[in-house]
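If you're matching positions, the first sequence starts at 296 in the working numbering and goes up one per residue.
All residues carry an ideal CB built from backbone N, CA and C; glycine is no exception.
Keep in mind that this is a model prediction, so the values were computed, not measured.
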Amino acid sequence: MVLYDTLTRAKVELKPGHPDGRFRMYQCGMTVSGEPHIGHARAEIVFDTLRRWLGFRGVSVIHVRNVTDIEDKIINKANEMGLSCEVVVAKYDAIRKELFARLNLLSPTFEPYATAHIPEILALAQKLLDAGLAYASGGDVYYRVRKFPGYGKLSKNTLDDVVAGTRALAGGAAAGTDRKEDPLDFDLWKGAKPGEPSWDSPWGMGRPGWHIECSAMSAKYLGDTFDLHCGATDLIFPHHENEIAQSEGATGRTFARAWAHCGWVTLNKEKMAKSVGNVVPMRDVLDRLPTPALRLLMGQTHWRSPFEWSDVAERQAKETLESLRRQLEVPPTPGTGSGESLQAEAGKRLAAFDAAMDDDLSTPRALAEVFSLATVWGQAKPSVDPVPLARVRADILARLGTLGIEPDAPVEVLPADLSPLLGERAAARKAKDWKRADEIRVVFKARGWTIEDTAQGQVARKL
RNA sequence: GGCGGGAUAGCCAAGAGGCAAGGCGACGGUCUGCAAAACCGUUAUACGUCGGUUCGAUUCCGACUCCCGCCUCCA
């Protein structure tokens with residue numbers, strides 16, 4: 296398949312570069328300092344879908360997604376809550392795990408934590424010091440950005456652009472540069488202030504800078520060079536730019552062969568971010584929207600486009616899922632048709648689905664094929680033999696599965712006090728007492744249930 | 001200031017130099033006691049504005065307008 300690469304600004308062929316044939320991807324995960332929001336969900340869903348699609352295409356994937364468990368935000372949060380960093384991390388990491396599971400995400404092959412890799416981080420910092428690319432200063436260790444010739448190649452900024460940008464911003468990165476040789480330099484290791492979590496190092500007690508964990512851990516689990524580095528577009532600069540400087544500076548080799556950056560979620564066109572105060576918590580969405588509907592909704596926007604979140608979109612996704620689910624319901628009375636034309640028609644659309652996914656993970660186009668596949672299947676289902684019908688249905692479901700969408704509805708149990716009314720209504724209908732039958736339907740409606748009269752009798756459904 | 005993204009129907013959202021996907025909604029039909037679901041049909045002479053290239057552009061080029069983002073923590 297082909298995927299848009301930020302580094303070359305072009306679609307590139309995605310294939311394993313390692314001789315063992317396994318595709319190596321590293322995804323920047325979360326800092327566990329707060330409740331995840333729907334923006335985090337989007338990034339997770341995008342890269343989970345990519346991974347599933349590669350798997351569907353027969354590619355074995357080594358997927359590494361880190362967890363940042365030491366960082367300024369965590370320290371701030373701990374101070375704010377009057378708790379230790381350990382407790383804060385444990386709390387929000389548990390929440391993250393719970394919600395990620397509800398997103399129907401595949402577990403990464405490795406999920407490394409920064410604090411469990413201090414030796415690797417220290418070794419990398421030392422290597423950069425030895426190479427003259429870093430320097431120690433007052434208990435901190437900084438990266439000497441001007442010594443790395445490729446700096447800016449990912450974000451397409453020149454060093455002077457960055458400096459100009461920094462100056463253009465009031466305050467900005469110019470603050471707290473007294474220990475740096477150059478305001479551009481970033482920290483590999485930060486000396487600890489009293490009371491902060493810290494680890495021993497050749498430069499005194501301290502903790503890792505934000506960027507270095509990714510360089511250290513990706514190298515450990517994937518090697519110096521790997522196939523794809525993923526994250527949201529706000530990580531391009533400075534995070535990923537700094538990772539390149541660290542890793543390529545240390546090894547002299549290509550770091551990631553390709554870079555995938557997904558678009559973010561917006562609310563009223565503005566980026567969803569805690570600082571803007573416009574976050575939609577992941578938990579709230581998961582509580583009111585079935586996971587397949589959420590993933591369907593996300594899939595209907597291309598992974599690199601901004602995703603505009605809205606209540607309306609949520610509602611529509613719910614309807615779309617429900618409709619899809621019902622279209623794909625197995626018919627109660629089997630037909631006898633050979634299903635040849637169904638299979639021929641479905642084959643074309645399945646191929647179109649695959650082609651769309653192969654072309655820069657174009658899930659909106661792929662889903663459009665799923666919808667027409669569902670229609671074609673729905674047309675055939677009254678007349679076609681169950682065997683070809685089931686075969687095509689399985690093909691459709693397998694494709695949906697690559698988007699993490701399992702459309703089968705959870706079984707909802709009818710409240711005990713309502714079920715006798717169902718019997719009463721059946722009797723009323725038999726007696727053609729339509730008034731009573733409709734009354735019961737009203738009672739159900741008030742409780743959030745509908746009654747549908749089908750060829751097989753009454754079916755109660757949760758609204 | 002540097003870099004980047006966006007503007008397509010009532011709403012959401014694809015797309016590509018040559019009949020403008022799909023979803024939701026709406027409307028009509030088949031079915032139904034009535035509904036629902038399913039199925040059938042209708043629903044953008046038109047893709048921010050102005051120019052240019054072209055036989056032909058919404059799709060390429062230029063200018064412009066508006067919105068948004070990164071450059072400071074961010075998925």
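I'd like the list of long-range same chain contacts for residue i, defined as Cβ closer than 7 Å, with 5 residues on each side in sequence excluded.
| i | result |
| --- | --- |
| residue 588 | 612, 613 and 616 |
| residue 405 | 359 and 516 |
| residue 435 | 474, 482, 484, 485 and 486 |
| residue 334 | 559, 560 and 567 |
| residue 446 | 440, 454, 536 and 540 |
| residue 789 | This structure cannot speak to residue 789, because the chain is shown only from 296 to 758. |
| residue 304 | none |
| residue 423 | 429, 438, 483, 541, 544 and 545 |
| residue 529 | 559 |
| residue 565 | 571 and 573 |
| residue 307 | 297, 298, 300 and 553 |
| residue 761 | Residue 761 is absent from the structure shown; the chain starts at 296 and stops at 758. |
| residue 773 | Lying before the first or after the last residue shown, residue 773 is absent from the chain, which here runs from 296 to 758. |
| residue 635 | none |
| residue 403 | 358, 359 and 360 |
Just mark residue i as buried or exposed, buried being the case when its beta carbon has 16 or more other beta carbons within 10 Å.
| i | result |
| --- | --- |
| residue 538 | buried |
| residue 292 | Nothing in the structure corresponds to residue 292, since the chain is present only between 296 and 758. |
| residue 687 | buried |
| residue 372 | buried |
| residue 664 | buried |
| residue 577 | buried |
| residue 639 | exposed |
| residue 732 | buried |
| residue 471 | Interpretation of residue 471 is limited by its pLDDT of 49, a score under 50 that renders its predicted location unreliable; the figure taken from the coordinates is listed afterwards. Residue 471 should be labelled exposed. |
| residue 670 | exposed |
| residue 522 | buried |
| residue 325 | buried |
| residue 625 | exposed |
| residue 526 | buried |
| residue 480 | buried |
| residue 548 | exposed |
| residue 505 | buried |
| residue 411 | exposed |
| residue 361 | buried |
| residue 329 | buried |
Locate the beta strand (DSSP E) running through residue i, then write down its first and last residues.
| i | result |
| --- | --- |
| residue 674 | Not the beta strand (DSSP E): residue 674 falls in the alpha helix (DSSP H), residues 658-675. |
| residue 305 | 305-308 |
| residue 747 | 744-749 |
| residue 318 | 318-322 |
| residue 502 | 501-503 |
| residue 360 | 356-360 |
| residue 709 | Premise fails: residue 709 is in no beta strand (DSSP E) and is neither H nor E. |
Taking 6 Å as the limit between beta carbons, can you name the residues of its chain near residue i, skipping five residues before and five after?
| i | result |
| --- | --- |
| residue 524 | 321, 551 and 554 |
| residue 697 | 347, 348 and 351 |
| residue 296 | 309 and 653 |
| residue 690 | 645 |
| residue 493 | 487, 500, 501 and 502 |
How many whole angstroms separate the CB atoms of residue i and residue j, which I take to be in contact at a CB cut-off of 8 Å?
| i | j | result |
| --- | --- | --- |
| residue 735 | residue 719 | 7 Å |
| residue 694 | residue 623 | Between residue 623 and residue 694 the Cβ distance is about 12 Å, and since that is not below 8 Å, they are no contact. |
| residue 508 | residue 409 | 4 Å |
| residue 681 | residue 629 | 5 Å |
| residue 510 | residue 419 | 6 Å |
| residue 641 | residue 684 | That belief does not hold up - the Cβ atoms of residue 641 and residue 684 are roughly 10 Å apart, past 8 Å. |
| residue 327 | residue 382 | Not quite, the Cβ-Cβ distance comes to about 11 Å (not below 8 Å), so this is no contact. |
Excluding five sequence neighbours on each side, which residues of the same chain lie with their C-beta closer than 8 Å to the C-beta of residue i?
| i | result |
| --- | --- |
| residue 465 | With a pLDDT of only 47 at residue 465, under 50, the local geometry of the prediction cannot be trusted, and no value is derived from it. |
| residue 602 | 337, 558, 559, 560, 561, 593 and 596 |
| residue 743 | 757 and 758 |
| residue 721 | 752 and 753 |
| residue 432 | 474, 475 and 476 |
| residue 662 | 591, 594, 595 and 698 |
| residue 242 | As displayed, the chain neither begins before 296 nor continues past 758, which places residue 242 out of reach and without an answer. |
| residue 489 | none |
First and last residue of the alpha helix (DSSP H) that includes residue i?
| i | result |
| --- | --- |
| residue 366 | No alpha helix (DSSP H) contains residue 366, which DSSP labels as neither H nor E. |
| residue 431 | Here residue 431 belongs to no alpha helix (DSSP H); instead the beta strand (DSSP E) covers 429-432. |
| residue 340 | 333-351 |
| residue 700 | First-last for residue 700: undefined, no H or E at that position. |
| residue 752 | Premise fails: residue 752 lies in the beta strand (DSSP E), 752-757, not in any alpha helix (DSSP H). |
| residue 515 | 507-517 |
| residue 648 | 635-653 |
| residue 725 | 714-725 |
| residue 739 | 729-741 |
| residue 775 | This structure leaves residue 775 out entirely; the chain is present only between 296 and 758. |
- Item | Complete runs of the beta strand (DSSP E) confined to the segment 369-421 [at least 3 residues] | none
- Only counting runs of 4 or more residues, tell me where the alpha helix (DSSP H) segments fall wholly within the segment 528-572, in order along the chain. 536-546
- Could I get the ranges of all uninterrupted alpha helix (DSSP H) runs contained in the segment 568-603, with 4 residues as the minimum, in chain order? 577-583 and 586-594
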